[in-house]
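Take the sequence shown: its letter number 31 is residue 1000 in this note's numbering, and every next letter is one higher.
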Amino acid sequence: MNTFETASCYAIRIECQKKPEVMERILRTVRHRGFELQTINMTQSDCGEKVHADMTVSGCRPLNFLTSQIEKLYDVLLVAKDSCQQNSDSIHFTSTVSLSL
């Protein structure tokens, strides 16, 4: 019997401290959790101390397998998640988790 799982597309918005090692940890977590990075757009905050990263990832696992691990990473301040709308030009974020250090 052949089992085939369809990969789902998810959008994630992450706010973190502006340090190169933070983004390296996030990308490694995406890979280790079995997701594939499709797109990433990073912008620096007005104060220059934080980075906002909008990512699109795909994978066969539930999104919380990934976001629960990203939330645990040091210097990650906020994780927002939503499933992608394949036929839409905009992505809406409906669930937000704010973390305090």
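By construction, the Cβ of each residue, glycine as well, lies at the ideal position given by its N, Cα and C atoms.
So which of 974, 1045, 986 and 999 has the shortest CA-CA distance to residue 1013?
-> 986
Who are the Cβ neighbours of residue 1048 in its own chain at under 7 Å, not counting the five residues just before and after it?
-> 981, 983, 1036, 1039, 1040 and 1066
DSSP three-state call for residue 1018: helix, strand or coil?
-> coil
Nearest-angstrom beta carbon gap, residue 1026 and residue 1006 [assumed within contact, 8 Å] = 6 Å
Going by other Cβ atoms of all chains shown within 10 Å of its Cβ, with 16 needed for buried, is residue 1004 buried or exposed?
-> buried
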